[in-house]
DNA sequence: CTGCATCCTTTGGGATACTG
DNA sequence: CAGTATCCCAAAGGATGCAG
C-alpha cells in the first residue's frame, strides 16, 4: 500500500505527506471495490449536476458513454449498491406514475475531489488519445 | 458525461470549471477502462515509491492488499497491459539471474494527482469504514 | 415509470505446472 | 528470476420479458 503500517516503513504518504499509519487497506484497492465497474463513477458524475430520476440517469449515462445504453437491471443494481454504500440517497415520491429521485449523499460527495482530478486529467484529452478516439 | 459536447449543454465542468467541449468520452469511464480491475491502481501506487522488479511488485501488492497474493500470470498480464498503455516502462537488464525493472512512465505520472486525492480520501478512514474493516 | 426475474455471454481473476 | 501455458471458477454485464 501507499506507506501503510502493514509495510513497516515510515507511515507517511509520499503523494500527500499525510500520516497513514492508522490505515491498513490501500485506498486504491478500496476505491476500486467501491466505485469499480463500468457505471458507478459515471453515475456520481451525472448526479453531481443535481438529483435525477431512474430513467433520467439511464439516459444521461448514454451521453459521454460508449454507445450502448445501460439495461434497467444493471442500473437498478448499481443504484441499490450505491444507496447501500451511502454514496447516494433515494427518495420515492409515491405518485402515479411513479417517481424516484436519486441524489448524491455524503459519502458520494466525499469522492468529488477525486472525480475533479479525473476530469482535470480528462480535460487534457489524454484518455481519448489512449483509447484511440483521436 | 460531465458536461461534454455530447450533451448539448454548456461545455464547462461543474467540478473543475474547465472547458470540456472538445471531449467526447466521460473521463470517469475512461479511467475505469484504463486502470480498472483489481491491481493496476495499486501497482501505480507502489511504483510511485521507485522502480521495482517483477517479484518485488508482487510482494509489495500483498501489503496493504487483501491477503491473497497476485499470481504470476495476472501480474504479468497487468504489467504488459500497463506497459502497452504507456503507464509504466519496462527495462530488461540482460543479467543472470534475470532482472527486469518497472517504473512509472509519463502517462502513469499523469495519474498521480488522481492517486493523491484517493489517498487523501483514504486518510480519513472512510474506505475502511465502508468496507467494514473497523 | 421503476424495477425484478430469468437466462445467457463475456470478462477477470485464480491454481498449478512448466520454461528460458 | 521473470515469465507462459492450460484449465477453471466467479463475477460482471447484457437481453428479454414481466409486475407493481
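Protein chains in written order, with the working numbering: chain A, 656 to 789; chain B, 656 to 789. The beta carbon of each residue, even a glycine, is placed where N, CA and C say it ideally should be.
- Under a 10 Å Cβ-count criterion, residue 668 of chain A is classified as buried, with 16 or more other Cβ atoms of the shown protein chains found around its own Cβ.
- Boundaries of the alpha helix (DSSP H) harbouring residue 736 of chain B: 727 to 740, taken from the DSSP string.
- Under DSSP, residue 707 of chain A takes part in a beta bridge, and its partners are A:757.
- Residue pairing by DSSP places residue 746 of chain A opposite A:756 in a beta bridge.
- Collapsing the DSSP output to three states places residue 667 of chain A in a strand.
- Counting only Cβ-Cβ distances below 9 Å, residue 725 of chain A has no contacts in chain B at all, with the closest Cβ about 12 Å away.
- Looking at the backbone, the Cα of residue 720 of chain A and that of residue 683 of chain A are separated by about 24 Å.
- The contact set of residue 706 of chain B on chain A, defined by CB atoms closer than 9 Å, is empty, because the minimum CB distance reaches about 14 Å.
- Scanning chain A for C-beta atoms nearer than 7 Å to the C-beta of residue 676 of chain B yields nothing, as the closest lies near 10 Å away.
- Residue-level contact by beta carbon fails for residue 731 of chain B and chain A, as no gap is shorter than 9 Å.
- A Cβ of chain A is located within less than 9 Å of the beta carbon of residue 671 of chain B.
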